[in-house]
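Same order as they appear, the protein sequences are chains A and B.
Just so we're aligned, residue 8 is where the first sequence starts under the working numbering, counting upward by one.
Just so we're aligned, residue 8 is where the second sequence starts under the working numbering, counting upward by one.
Every residue gets a Cβ at the ideal spot worked out from N, C-alpha and C, and that includes glycine.
As structure tokens, the structure follows; a few thoughts come after it.
Number of protein chains: 2
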Amino acid sequence: MNEDDFSGLLKKLGLKTTSKRMAVLSVLAGMDSYASPEEIWQSLKSRIGTIGLPTVYRILEELAAKGVVARIIHPSRQLYYYYCGNAGHHHHFICVSCRRVQDINFCASKEIEVEVSRRLNGRVLSHVLQIDGLCRACSRKKKGANA
Amino acid sequence: MNEDDFSGLLKKLGLKTTSKRMAVLSVLAGMDSYASPEEIWQSLKSRIGTIGLPTVYRILEELAAKGVVARIIHPSRQLYYYYCGNAGHHHHFICVSCRRVQDINFCASKEIEVEVSRRLNGRVLSHVLQIDGLCRACSRKKKGANA
DNA sequence: TATTAAAATAGAAACGGTTTCTATTTATAA
DNA sequence: TTATAAATAGAAACCGTTTCTATTTTAATA
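In structure tokens form, the structure reads like this:
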């Protein structure tokens, strides 16, 4: 399956292939930064014409439930989504300046598991880890500004 | 300073000692689980009578900004706060069943730092880690239910 | 290809947690 | 005690998100 074969992806997820779902996937896959439903909606409107904002919300939520898009944790608590092709368990590095999202292939789940079961006698069901900072490009820009 | 000396705590934080702030701290410190502003407000009303919900929001936000209370990450994205006496950097274990919050004295910031700087050439500014699961008591209850 | 049932969508409307606004009250310093 | 800046109450607004219903579309089947 081609990595841009959204129709095949939707079938695999058990979702009907609709023009709106295809369009949402296409827009999401074309970004390397996170976006709000409203922003994605604007982008869709200029690309395919008519689409309802509630439809965008619903599709994003479906894709998030299937694990195809990830939610971003934001201080404003607004919804932000990011298309994540990486299927394995991993975490995200978020650039606070340009919104770029990059995968972090590191996870301390083993150590957390040990800490929780030994110290607390509890059981881990899931965990959330997000790293916020400046990406390579933005980090350089900041340094340049200081010089 | 006594650990229940909220007046001293507020002074230390550069906030005026008001009856409302004292009451909020008192309610928060008496819980070992997280709560929403609305829930805290209800608790305050039955304890001190009159207090405005916006006041509760504002005080919680002030205390969060000072690092005295922690925000909880919740799928519903509703605001939840937890009074956190532990001053050092740490993370929280959240019981998804009873809302109890416990400190986790483990953090992989060193490894994350290395991963981000080496692999991405980026700069870490902060990170969010929350562990969701079942606390000791709830874990036992669940096992009992299965037996 | 035509038919059909179930699923998906548009658009309007509602929703509700959170924030803003302004007059009033309160804490603290002088 | 007084003055002043900060804090609060209560009402209202706000706005991101969800719900509702009529209509359209998909995809399975004949």
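Checklist entry - Span of the alpha helix (DSSP H) holding A/Y64? => result Reading the first sequence from its first residue, position 57 is the one you call residue 64 of chain A. For A/Y64, the uninterrupted alpha helix (DSSP H) segment begins and ends at 60 to 72.
Checklist entry - How would you list, in chain order, the residues of chain A whose beta-carbon sits under 7 Å from the beta-carbon of B/F100? => result Locating residue 100 of chain B in the second sequence gives position 93, where the first residue counts as 1. Chain A residues near B/F100: V123, L127, G129.
Next on the checklist: Pairs of beta-carbons, one from the segment 24 to 31 of chain B and one from the segment 121 to 139 of chain A, closer than 8 Å: are there three or more?
Outcome noted: No, because fewer than three Cβ pairs between the segment 24 to 31 of chain B and the segment 121 to 139 of chain A fall closer than 8 Å, the two stretches do not touch.
Item to check | Cβ neighbour criterion (16 or more within 10 Å) applied to A/V63 | outcome: As a working mapping, residue 63 of chain A is identified with position 56 in the first sequence. Taking all protein chains in view, the Cβ of A/V63 is crowded by 16 or more other Cβ atoms within 10 Å, so the residue is classified as buried.
Checklist entry - Under the three-state reduction of DSSP, which class applies to A/S133: helix, strand or coil? => result Here the question's residue 133 of chain A lines up with position 126 in the first sequence. Strand.
Checklist entry - Between A/C114, A/E120, A/H81, A/I119, which lies nearest to A/S104 when the distance is taken from Cα to Cα? => result In the first sequence, the residue the question calls residue 104 of chain A occupies position 97. The candidate whose alpha carbon is nearest that of A/S104 is A/H81.
Checklist entry - Do you know offhand how far A/H134's Cα is from B/G56's? => result Start at 1 with the first residue of the first sequence, and residue 134 of chain A comes out as number 127. Start at 1 with the first residue of the second sequence, and residue 56 of chain B comes out as number 49. Their backbone Cα atoms lie some 39 Å apart in a straight line.
Item to check | Members of the segment 110 to 121 of chain A that neighbour chain B once the beta carbon cut-off is set at 7 Å | outcome: Within the segment 110 to 121 of chain A, contact with chain B at the beta-carbon level (separation under 7 Å) is assigned to I111, F113, A115, E118, I119.
Checklist entry - Which same chain residues, not among the five before or five after B/K73, have their C-beta less than 7 Å away from its C-beta? => result Counting from 1 along the second sequence, the entry for residue 73 of chain B is found at position 66. Excluding residues within five positions, the ones whose Cβ falls inside 7 Å are L20.
Checklist entry - In the segment 69 to 100 of chain A, which residue ranges form an unbroken beta strand (DSSP E) of at least 3 residues, counting only runs that do not cross its ends? => result Along the segment 69 to 100 of chain A, the beta strand (DSSP E) occurs as fully enclosed runs of 3 or more residues at 76 to 78, 88 to 90, listed in sequence order.
Next on the checklist: Below 8 Å, how does it come out for the segment 36 to 52 of chain B and the segment 134 to 143 of chain A: are there three or more Cβ pairs, yes or no?
Outcome noted: Inter-segment contact for the segment 36 to 52 of chain B and the segment 134 to 143 of chain A is absent: fewer than three beta-carbon pairs are separated by less than 8 Å.
Next on the checklist: Comparing C-alpha positions only, which one of B/S124, B/G59, B/E69, B/C114 sits nearest to A/V121?
Outcome noted: Here the question's residue 121 of chain A lines up with position 114 in the first sequence. Looking at the Cα atoms, B/C114 is the closest of the given residues.
Checklist entry - Based on Cα-Cα distance, which residue from B/E118, B/L17, B/I79 lies nearest to B/R107? => result For this step, residue 107 of chain B is matched to residue 100 along the second sequence. Comparing Cα-Cα distances from B/R107 to each of B/E118, B/L17, B/I79, the minimum goes to B/I79.
Checklist entry - Just curious, the beta strand (DSSP E) that A/V108 is in, first and last residue? => result In the first sequence, residue 108 of chain A corresponds to position 101, counting from 1. Residues 108 to 111.
Checklist entry - Taking all protein chains shown into account, do 16 or more other C-beta atoms lie within 10 angstroms of the C-beta of A/S53, making it buried, or fewer, making it exposed? => result Mapped onto the first sequence, residue 53 of chain A falls at position 46. By the beta-carbon neighbour count (other beta carbons within 10 angstroms, threshold 16), A/S53 is exposed.
Checklist entry - Can you tell me the Cα-Cα spacing of A/A94 and A/D110, whole angstroms? => result Stepping through the first sequence from its first residue, residue 94 of chain A is reached at position 87. Stepping through the first sequence from its first residue, residue 110 of chain A is reached at position 103. Straight-line Cα distance between these residues: approximately 11 Å.
Checklist entry - Does any CB atom of chain A fall closer than 9 Å to the CB of B/Q49? => result For the purposes of this step, residue 49 of chain B is taken as the residue at position 42 of the second sequence. Judged by the 9 Å Cβ criterion, B/Q49 is not in contact with chain A.
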